[in-house]
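*Asks:* Numbering (my numbering), first residue to last: 1132 to 1438.
Backbone N, C-alpha and C define an ideal beta-carbon position, used for all residues, glycine too.
This structure is in structure tokens; I'll ask about it shortly.
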């Protein structure tokens, strides 16, 4: 895990360095938009198709859904109670709920799991994302940010519109082919593998582009502190307790729990901007939890693999 995180950190640092140096005059936001667009519309669907087509899809897929949904609900309720007790402003509380409840299961979780456990663990990350995190984010998550933020005309879309996205198309096709026993041609497998190989480094580089230490302010510290405690400590601890009731196969437990121990997702900044939540607070939560994950992830990995 330590060796893996050193590699991850260096790739993230490359993105952070680009944000500072601006090679060829290209801003981090411009580069990140281009890279994430390529990943979202081409490389990630190729990986989803490659992995889920040959993945062992079964009872544990439902267990991933139950684990993810349970942990997200726990985190939401916990941070909501904190917000009610301390009477946080709606725009701050909405950003805090997003930052606390939804882990970075793909952009950081996928490469960490792949490097730590092997290529088979990519299936865990993808299934946790597509069967649990993403559906809840684009349904319950959007309802929450609409409630705490400011809705406007361009945001009046169906909460199920997330299904109209390349990764979900790829997942539907892959699961259909998988369950029908279709075997991928060698030439297609080779193409998908080459496209998939670019996903992890580009995701980590893009994550580095998104991090900004300028967002870290003393003013936001009282709001980020409960986010850190719940996201980095209580949420994975709850996952450990919950997974004991799911009868999951032993080898899947550690990767699944590590997914729940990931820092705040980067995508949430888009929702904060769109619905006028506290974007600077969310950006600080992403930056700080990502930095802390370099310490907490080895801790959870050690606990799960030696316990």
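Could you check whether residue 1429 and residue 1235 sit closer than 8 Å to each other, using their CB atoms as the reference points?
*Replies:* Not a contact, by the Cβ cut-off of 8 Å.
*Asks:* Between residue 1297 and the rest of its own chain, which residues show a CB-CB distance below 6 Å, the 5 nearest in sequence each way excluded?
*Replies:* Take residue 1297, set aside five residues on each side of it, and the residues of its chain with a beta-carbon closer than 6 Å to its own are 1172 and 1176, in chain order.
*Asks:* Specify, as a first and last residue, the run of the alpha helix (DSSP H) that residue 1207 falls within.
*Replies:* 1190-1217
*Asks:* Check this for me: beta carbons of residue 1394 and residue 1421, under 8 Å apart or not?
*Replies:* yes
*Asks:* Can you give me the C-alpha to C-alpha distance between residue 1278 and residue 1208, rounded to a whole angstrom?
*Replies:* 15 Å
*Asks:* Out of 1354, 1191 and 1313, point me to the one whose CA is closest to residue 1257's CA.
*Replies:* 1191
*Asks:* Per DSSP, what kind of secondary structure is residue 1395 in: helix, strand or coil?
*Replies:* strand
*Asks:* Return the first residue and the last residue of the alpha helix (DSSP H) that residue 1133 is part of.
*Replies:* 1133-1152
*Asks:* Find the nearest neighbour of residue 1273 within the set 1228, 1411, 1202 and 1353, judged by alpha-carbon distance.
*Replies:* 1228
*Asks:* Measure the alpha-carbon distance for residue 1380 versus residue 1349 and round it to whole angstroms.
*Replies:* 44 Å
*Asks:* Is DSSP giving residue 1332 helix, strand or coil here?
*Replies:* helix
*Asks:* Could you tell me how far apart the beta carbons of residue 1335 and residue 1139 are, in whole angstroms, since I believe they sit closer than 8 Å?
*Replies:* Right, the Cβ-Cβ distance comes to about 6 Å (below 8 Å), so this counts as a contact.
*Asks:* Give the range of the alpha helix (DSSP H) segment to which residue 1184 is assigned.
*Replies:* 1175-1185 is the span of the alpha helix (DSSP H), which, as asked, contains residue 1184.
*Asks:* With burial defined as no fewer than 16 other Cβ atoms inside 10 Å of the residue's Cβ, what is the status of residue 1396: buried or exposed?
*Replies:* Within 10 angstroms of the beta-carbon of residue 1396 lie 16 or more other beta-carbons, which makes it buried.
*Asks:* Tell me whether the beta-carbon of residue 1223 lies closer than 8 Å to the beta-carbon of residue 1409.
*Replies:* yes
*Asks:* Quick one: what does DSSP say residue 1234 is sitting in, helix, strand or coil?
*Replies:* strand
*Asks:* In terms of alpha-carbon separation, which member of 1400, 1308, 1433 and 1392 lies closest to residue 1241?
*Replies:* 1392
*Asks:* Residue ranges of each alpha helix (DSSP H) run of no fewer than 4 residues wholly in the region 1240-1282, ordered along the chain?
*Replies:* Listed in chain order, the complete alpha helix (DSSP H) runs (minimum 4 residues) inside the region 1240-1282 are 1240-1248, 1253-1259 and 1273-1279.
*Asks:* For residue 1199, which of 1216, 1436, 1261 and 1419 has the nearest alpha-carbon?
*Replies:* 1261
*Asks:* With a cut-off of 8 Å on the beta carbons, I'd call residue 1312 and residue 1147 a contact; round off their distance for me.
*Replies:* Contact between residue 1312 and residue 1147 is absent: CB atoms are separated by about 45 Å, not below the 8 Å threshold.
*Asks:* Quick one: give me the first and last residue of the alpha helix (DSSP H) that residue 1425 is part of.
*Replies:* 1410-1437
*Asks:* Alpha helix (DSSP H) containing residue 1309: first to last residue?
*Replies:* Membership of residue 1309 in the alpha helix (DSSP H) is indicated by the continuous run 1297-1310.
*Asks:* Below 8 Å between beta carbons: does that hold for residue 1323 and residue 1180?
*Replies:* yes
*Asks:* In three-state DSSP terms, what is residue 1357?
*Replies:* helix
*Asks:* Could you pull out every residue in the same chain whose Cβ sits closer than 8 Å to the Cβ of residue 1185, ignoring the five residues on either side in sequence?
*Replies:* Around residue 1185: 1309 and 1315.
*Asks:* Please tell me whether residue 1363 and residue 1205 are closer than 8 Å, where the distance is taken between their beta carbons.
*Replies:* Between residue 1363 and residue 1205, the CB-CB gap reaches or exceeds 8 Å.
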